[in-house]
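2 protein chains.
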Amino acid sequence: MPDTSSCQFEQRPRRLVMGAVGLQPDFCKMCNVRPSSVCSAIDDADISRLSDAAVETIVPPGRCFIEEGEPATDFFNVTSGTVKLFKALPDGRRQITGFAGPGHFLGLAVSDRYAFGAEAVDTVRLCRFSRERMRTLLDDFPRMERRLLEEASNELVAAHNQMLLLGRKTARERVASFLLDQANHGELNSAGQLHLPMTRGDIADYLGLTIETVSRTLSWMRAQGMIDVGKGYAITLLSRERLESLAEGED
Amino acid sequence: MPDTSSCQFEQRPRRLVMGAVGLQPDFCKMCNVRPSSVCSAIDDADISRLSDAAVETIVPPGRCFIEEGEPATDFFNVTSGTVKLFKALPDGRRQITGFAGPGHFLGLAVSDRYAFGAEAVDTVRLCRFSRERMRTLLDDFPRMERRLLEEASNELVAAHNQMLLLGRKTARERVASFLLDQANHGELNSAGQLHLPMTRGDIADYLGLTIETVSRTLSWMRAQGMIDVGKGYAITLLSRERLESLAEGED
DNA sequence: ATGACCCCTTGATATAAATCAATGCAGAGC
DNA sequence: GCTCTGCATTGATTTATATCAAGGGGTCAT
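Just so you know, the protein sequences line up as chains A and B, in that order.
Residue 92 in full-length UniProt numbering is what sits at position 92 of the first sequence, and the numbering runs on without skipping anything.
Residue 127 in full-length UniProt numbering is what sits at position 127 of the second sequence, and the numbering runs on without skipping anything.
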């Protein structure tokens, strides 16, 4: 059962129907509003419609749940875990266009087919809506449309940054940019380590490099004293300053 | 004076105030609605507010009208001509993130600073709004918000395609993809030629290549009989089929 | 006309990153 | 205990593309 502790509806039990389907906390996250402002805008009929619309889904690591080119039936909001989004060429070359963490939307596009594939990096929890119902939700909750526009704008900025990276940065600059992005968006653990849920292959496909180049670059950074590569997927950033100047090509 | 022939308001002259400031046809384009549905939703007070909000701007070729990192005061809708959008690194390396033609929006981002620069490729006509007023326009015309979301979604799809191109395609595949994109989005002239308004340098900065590689690749395609490179910026696609299989790496 | 400038093309060479190859390590299954 | 498999690291070599360099053909101002 989803955590509802951050939402204050203990006094209004009927409202918890939403929580029961995993919708309420996610819906708050989607709309980026306080739960109370969402709930004051809906009535009992809405509740049943919303409950009906959302399904909580759990996807195991490595499982692909959106196939590029398939009919786009669903719309997702990531609740926990990390998803990789990718596009592929017929001969198997693959470009990961982004990693989506908690709060991110998938399947926004206007097209009736998915423009990308999506695969769980680790265990992923999703809030799934049918796109058809999504459309009626948007009519009823105009805030949500604004929220989606905001999200799309942010993704667009990220995409443009990534285009600069892919088109004009060297391997070292790419890896430095990636580590800093990850450190800014994800959280560091208690030891100050950055936990990267994805494999070297995923990083390579995200940065437009090969596995070997990513590995060599990380080794070089370690030799330079910029980072410490721990066991598994943990990395410590020892000199954020040097990584930053490297990432922007100031060297 | 802007062309109003596509809008049917000859019988309601007062409405032409909008056309007088270059707003009305552009506004229709922005909202992607028939002029009548826009105008039925507004009254005289709205007209003066809208007229006030929009300014028609003409930008000469090569003129940069958005500086990356400057405060984002305005919001633009391209009326005619082609704009190049770009991001740059401190040492001068540049990535063109897209070319914006008639109907495209600029300055959508949530941030209070422009995330990219914009420069006119040829003579560009723009409809300019202050972002502050844009916000109130969005409140009054909810259709517009949906239209912007649609636009942003389409741009996101284009950005992801470009990431695949920049990260994983060879020079030949990149140039082939570019030519086909241009042929699909722009119009061919009467001789079946594609007119590219941008220089080889712009194409290179868009495709993550150098001028020399773009030039050599076009020469190679000509030698292969895929294209014909005319005088100036005109190119004829002789075998769209071969270009398509090349663009997707099927060779 | 002349020179300056910009853009494009083509050739020769250099290099960053890919590819090919070998090895090590850790977890899963038997 | 084993082997098998996937992932990561490191080394040797290749290659696609960048860089360096030269020359041609416009256009514009003098």
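Think of the CB as a built atom: it goes at the ideal place given N, C-alpha and C, for glycine as much as any other residue.
- DSSP-derived helix/strand/coil call for His195 (chain B): DSSP places His195 (chain B) within a strand segment (E or B) once states are collapsed to three.
- Item | Distance CB(Lys87 (chain A))-CB(His160 (chain B)) smaller than 7 angstroms | Yes, the Cβ-Cβ distance between Lys87 (chain A) and His160 (chain B) is below 7 angstroms.
- Message: Using the Cβ count rule (16 or more neighbours within 10 Å means buried), how would you classify Gly232 (chain B)?
- Response: In summary, Gly232 (chain B) is exposed, with fewer than 16 beta-carbon neighbours lying within 10 Å of its beta-carbon over all protein chains present.
- Item | Reference Ile96 (chain A); option with closest CA among A:Glu173, A:Ala120 and A:Asp140 | Put simply, of A:Glu173, A:Ala120 and A:Asp140 the residue whose alpha carbon is nearest the alpha carbon of Ile96 (chain A) is A:Ala120.
- Item | Pro60 (chain B) and Val78 (chain B) closer than 7 angstroms at C-beta | No, they are not a contact pair.
- Message: By the DSSP assignment, the beta strand (DSSP E) with Glu70 (chain B) in it spans what residues?
- Response: Per DSSP, Glu70 (chain B) lies in no beta strand (DSSP E) segment and is marked neither H nor E.
- Name, going along the chain, the residues of the segment 151-180 of chain A whose beta-carbon falls closer than 8 angstroms to a beta-carbon of chain B. Against chain B - using a Cβ distance shorter than 8 angstroms - the residues of the segment 151-180 of chain A are Ala152, Ser153, Asn154, Glu155, Leu156, Val157, Ala159, His160, Asn161, Gln162, Met163, Leu164, Leu166, Gly167, Arg168 and Lys169.
- Message: Does the CB of Asp91 (chain B) have a neighbour CB from chain A at under 7 angstroms?
- Response: Answer yes: the Cβ-Cβ gap between Asp91 (chain B) and chain A drops below 7 angstroms somewhere.
- Using the Cα positions of Ala234 (chain B) and Ala54 (chain A), report the straight-line distance between them to the nearest angstrom. For the pair Ala234 (chain B) and Ala54 (chain A), the Cα-to-Cα distance works out to about 52 angstroms.
- Any Cβ of chain A within less than 7 angstroms of the Cβ of Lys84 (chain B)? With 7 angstroms as the cut-off, Lys84 (chain B) does not count as an interface residue toward chain A.
- Neighbouring residues, chain B, relative to Phe116 (chain A) (Cβ below 8 angstroms): Simply His160.
- Query: Excluding the five sequence neighbours on either side, which residues of its own chain have a C-beta within less than 6 angstroms of the C-beta of Arg94 (chain A), listed in chain order?
  - Reply: The answer, listed in chain order, is Phe86, Ala88 and Asp205.
- Cα separation between Thr136 (chain B) and Arg133 (chain A)? About 28 angstroms.
- Message: To the nearest angstrom, how far is the alpha carbon of Glu244 (chain A) from that of Ala171 (chain A)?
- Response: Cα to Cα, Glu244 (chain A) sits roughly 14 angstroms from Ala171 (chain A).
- Just checking my contact of Arg131 (chain B) with Thr73 (chain B) at CB under 8 angstroms: how many whole Å lie between their CB atoms? Contact between Arg131 (chain B) and Thr73 (chain B) holds: their C-beta atoms lie close to 6 angstroms from each other, under 8 angstroms.
- What are the boundary residues of the alpha helix (DSSP H) that includes Arg172 (chain A)? It spans Ala171 to His185 - the alpha helix (DSSP H) in which Arg172 (chain A) sits, taken as one unbroken run.
- Cα-Cα, which of B:Glu241, B:Gly81, B:Trp220 and B:Asn154 is closest to Lys58 (chain B)? Looking at the sequence provided, one finds Ile at residue 58 (chain B) rather than Lys. The shortest Cα separation from Ile58 (chain B) among B:Glu241, B:Gly81, B:Trp220 and B:Asn154 belongs to B:Gly81.
- Query: Looking only at its own chain, which residues have a Cβ that is under 6 angstroms from the Cβ of Gly98 (chain A), when we skip the five neighbours before and after it?
  - Reply: Excluding five sequence positions before and after Gly98 (chain A), the CB atoms of its chain that fall closer than 6 angstroms to its own CB belong to Leu85, given in chain order.
- Leaving aside the five residues before and after Asp122 (chain A) along the sequence, list all residues of the same chain whose C-beta is less than 8 angstroms from its C-beta, in chain order. Excluding residues up to 5 positions away in sequence, Pro61, Gly81, Thr82 and Pro197 lie with their Cβ nearer than 8 angstroms to the Cβ of Asp122 (chain A) in the same chain.
- Can you tell which of A:Phe75, A:Ala100, A:Ala115 and A:Thr236 has its C-alpha closest to the C-alpha of Leu138 (chain A)? Its Cα nearest to that of Leu138 (chain A), the residue A:Phe75 stands out among A:Phe75, A:Ala100, A:Ala115 and A:Thr236.
- Hey, quick one: how far does the beta strand (DSSP E) through Leu243 (chain A) stretch, first residue to last? Counting along the chain, Leu243 (chain A) falls outside any beta strand (DSSP E), though it belongs to the alpha helix (DSSP H) covering Arg240 to Ala247.
- Query: Applying a beta-carbon distance threshold of less than 9 angstroms, which residues of chain A neighbour Pro142 (chain B)?
  - Reply: Within 9 angstroms Cβ-Cβ: Pro142 and Glu145.
- Query: What's the call for Ala118 (chain A), buried or exposed, on a 16-neighbour Cβ count within 10 Å?
  - Reply: Per the 10 Å Cβ criterion, buried.
- Query: Taking the Cβ atom as the reference point for each residue, do Gly249 (chain B) and Asp91 (chain A) lie within a distance shorter than 7 angstroms?
  - Reply: The answer is yes: Cβ separation under 7 angstroms.
- Report the rounded CA-to-CA distance for Glu212 (chain A) versus His185 (chain B), giving the unit in angstroms. A straight line joining the alpha-carbon of Glu212 (chain A) with that of His185 (chain B) spans about 38 angstroms.
- Query: Of the residues B:Leu207, B:Ala176 and B:Ala100, which one's Cα is nearest the Cα of residue 333 (chain B)?
  - Reply: Limits of chain B in this structure are 1 at one end and 251 at the other, which puts residue 333 (chain B) out of reach.
- Arg174 (chain A) versus Leu207 (chain A): straight-line alpha-carbon distance, rounded: In a straight line, the C-alpha of Arg174 (chain A) is about 6 angstroms away from that of Leu207 (chain A).
- Item | 6 angstroms CB neighbourhood of Leu165 (chain B) in its chain, flanking five on each side removed | Cβ neighbours of Leu165 (chain B) within its own chain (closer than 6 angstroms, five residues either side excluded): Arg174 and Ser177.
- Task: Compare the Cα-Cα distances from Arg63 (chain A) to each of A:Leu180, A:Val124, A:His104 and A:Leu108 and report the closest residue.
- Result: Cα-wise, what sits closest to Arg63 (chain A) is A:Val124.
- Item | Own chain residues within Cβ distance below 8 angstroms of Gln193 (chain A), not counting five before or after | Around Gln193 (chain A): Gly230, Ala234, Ile235 and Thr236.
- Are there 16 or more other CB atoms within 10 angstroms of the CB of Thr128 (chain B), so buried, or fewer, so exposed? Residue 128 (chain B) is actually Arg in this sequence, not Thr. Buried.
- Query: Which residue comes first and which comes last in the beta strand (DSSP E) that contains Thr236 (chain B)?
  - Reply: For Thr236 (chain B), the enclosing beta strand (DSSP E) has its first and last residue at Ala234 to Leu237.
- If we ignore side chains and look at the alpha-carbon of each, how far apart do Asp228 (chain A) and Phe141 (chain A) end up? Spanning the two alpha carbons is a distance of roughly 47 angstroms.
- Does the beta-carbon of Glu67 (chain A) have 16 or more other beta-carbons within 10 angstroms, so that it is buried, or is it exposed? Taking all protein chains shown into account, Glu67 (chain A) has fewer than 16 neighbouring C-beta atoms within 10 Å of its C-beta and is therefore exposed.
- Task: Leaving aside the five residues before and after Ala109 (chain B) along the sequence, list all residues of the same chain whose C-beta is less than 6 angstroms from its C-beta, in chain order.
- Result: Once the five neighbours on either side are set aside, the close Cβ partners of Ala109 (chain B) are Ala115.
- Query: Among the residues of its own chain, which have a CB less than 6 angstroms from the CB of Ser153 (chain B), if the five just before and after it don't count?
  - Reply: Excluding residues up to 5 positions away in sequence, nothing lies with its Cβ nearer than 6 angstroms to the Cβ of Ser153 (chain B) in the same chain.
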